[in-house]
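Chemist:
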Amino acid sequence: MAVCGVISVRHARAEYQDQTLQFGRQMVGLAKASNHEVTKVIFNGQPVHVGSSVTEDSAAHVLERYEEYCKSNPGQMGVDFTEINKSGTVKPLVKADAPADADADMPAIAKAGYVRSGTDEDGAVICFVKGPKTKPTTGEAFQSFMSTGDLGSFGELRYAYASKGPSGKTLVLTVWTDSTFNLRNMVPEDGQDSPGEDFPEVPRVPNSTRLMAAKADGMPYGVNVYKTTDSPGKTFDFFDREMKSKGWFAYDPEMTEAEHKGQGRAYMKDAVVVTLGTSVQPEGNFVAVGLAGVPADDKLGHR
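Those letters in the sequence shown? Residues 0 to 302, by numbering that gives the first Met the number 0.
Following this line, the structure appears as structure tokens:
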């Protein structure tokens with residue numbers, strides 16, 4: 000039984016580390032969609048800040064800086080996470096000292112304060128730093144989180160992903176939350192849409208439930224994910240018909256992913272691009288709808 004327990008823990012840890020890398024790779028596209036250094040993304044109704052930049056430093060060097068930040072600043076508030084990429088040190092605005100009994104209450108991963116995954120050329124670092132709502136012990140944080148759903152009970156999330164590009168330069172993506180980030184409010188009741196918005200430019204996926212809604216705040220970029228009872232073929236037939244009737248040009252951008260039984264399509268009109276991707280999983284059929292190129296002063300969606 001003990002051996003099985005060790006294997007389970009190792010598997011869970013490896014899966015978590017892989018997910019942190021996948022998250023970074025997926026968020027890169029949204030981060031690069033803007034010329035701004037920092038983009039505020041509304042994810043299922045909750046704000047997340049995404050920053051991207053390119054540096055001459057190696058990915059390993061960048062990740063080491065973020066790792067040191069996580070190690071040396073577990074109790075600090077008011078730090079601009081993006082500044083770490085620009086210099087080797089960051090001066091905190093406020094320092095909050097942890098109580099003497101905090102270490103005794105923390106499990107091993109909490110004592111480390113961070114997780115680093117991947118390689119020196121494609122890796123990620125994730126950690127929590129103390130914020131105004133952070134509880135002094137893990138036990139208190141867990142109780143507060145369970146009753147409120149507020150991630151701020153544990154701290155403010157800090158995530159960095161660094162990847163060496165073909166040019167030899169390193170793309171750096173940073174993601175962080177504020178003190179108020181409520182996971183409970185992000186998750187809908189069974190059968191209900193997630194918080195967020197549909198795109199008025201695009202017909203709603205038929206017979207679907209919205210699982211995820213993410214958009215760059217005040218900017219013409221967004222991605223929604225739906226679960227539908229319709230087959231991919233039926234979904235594409237619907238969109239091909241509806242989009243064509245509204246003057247959109249459809250083409251196949253070779254987005255097919257055989258291992259996930261996925262298919263893809265893209266539609267263009269007046270420099271606006273809508274992408275459609277489907278995936279058949281044991282849990283059901285999923286459709287991702289991406290929107291890019293809507294004039295910035297246009298409203299991206301409706302509730």
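For glycine and all other residues, C-beta sits at the position ideal for the given N, C-alpha and C. In this text, all values refer to a predicted model and were calculated from it rather than measured experimentally.
Going straight from the alpha carbon of Y220 to that of V40, what length do you get?
Modeler: So the alpha carbons of these two residues sit roughly 10 Å apart.
Chemist: By the 10 Å Cβ neighbour count, where 16 or more other Cβ atoms means buried, how is V61 classified, buried or exposed?
Modeler: It counts as buried.
Chemist: Which whole-angstrom value describes the C-beta separation of V279 and P231, a residue pair presumed to lie in contact below a C-beta threshold of 8 Å?
Modeler: With a Cβ gap of about 6 Å, V279 and P231 count as contacting.
Chemist: Can you name the start and end residues of the alpha helix (DSSP H) that Q142 belongs to?
Modeler: Here the alpha helix (DSSP H) through Q142 covers 137 to 147.
Chemist: Quick one: what does DSSP say P203 is sitting in, helix, strand or coil?
Modeler: It should be noted that the sequence gives Arg, not Pro, for residue 203. Note: R203 maps to coil in three-state DSSP.
Chemist: I need the straight-line Cα distance from F153 to F237, nearest angstrom please.
Modeler: Their backbone Cα atoms lie some 45 Å apart in a straight line.
Chemist: Which residue wins for smallest C-alpha separation from Q262, given the options K226, S162, L275, V171?
Modeler: Nearest option by C-alpha distance: L275.
Chemist: At what residues does the beta strand (DSSP E) containing K70 begin and finish?
Modeler: Per DSSP, K70 belongs to no beta strand (DSSP E); it is in the alpha helix (DSSP H), 58 to 71.
Chemist: What are the boundary residues of the alpha helix (DSSP H) that includes D239?
Modeler: Where D239 is concerned, the enclosing alpha helix (DSSP H) stretches over 231 to 244.
Chemist: Looking only at its own chain, which residues have a Cβ that is under 7 Å from the Cβ of V47, when we skip the five neighbours before and after it?
Modeler: Here the set comprises V40, V174, T176.
Chemist: Buried or exposed: where does R183 fall if 16 or more other Cβ atoms within 10 Å of its Cβ makes it buried?
Modeler: Burial call: exposed.
Chemist: Report yes if the CB atom of A291 is closer than 7 Å to the CB atom of F42, and no otherwise.
Modeler: No, Cβ-Cβ distance for A291 and F42 is not below 7 Å.
Chemist: For the alpha helix (DSSP H) holding L182, just list the boundary residues, first then last.
Modeler: Unbroken alpha helix (DSSP H) run through L182: 182 to 185.
Chemist: Would you kindly check if the distance between the Cβ of K134 and the Cβ of S143 is under 7 Å?
Modeler: It is a contact, given that the beta carbons lie within the stated cut-off.
Chemist: Would you please state the rounded distance, in angstroms, between the beta carbons of Y322 and A249? I believe it to be under 8 Å.
Modeler: Outside the displayed range of the chain (0 to 302) lies residue 322, so it cannot be described from this structure.
Chemist: Give a yes or no on whether the minimum CB-CB distance between D197 and chain D is below 7 Å.
Modeler: Although the question refers to chain D, the structure presented lacks it and comprises just one protein chain.
Chemist: Please list the terminal residues of the continuous beta strand (DSSP E) segment that includes Q45.
Modeler: Residues 45 to 54.
Chemist: Could you check what DSSP says for G122 in three-state terms: helix, strand or coil?
Modeler: Correct three-state label for G122: strand.
Chemist: Helix, strand or coil for S116, going by three-state DSSP, please let me know.
Modeler: In the structure shown, S116 sits in a strand (DSSP, three-state: E or B).
Chemist: Leaving out five residues before and five after G283 in sequence, what residues of the same chain have Cβ atoms less than 8 Å from its Cβ?
Modeler: Within the same chain, G283 has close Cβ partners K226, T227, T228.
Chemist: Can you give the Cα-Cα distance for E63 and F141, rounded to whole angstroms?
Modeler: Roughly 29 Å between the two C-alpha positions.
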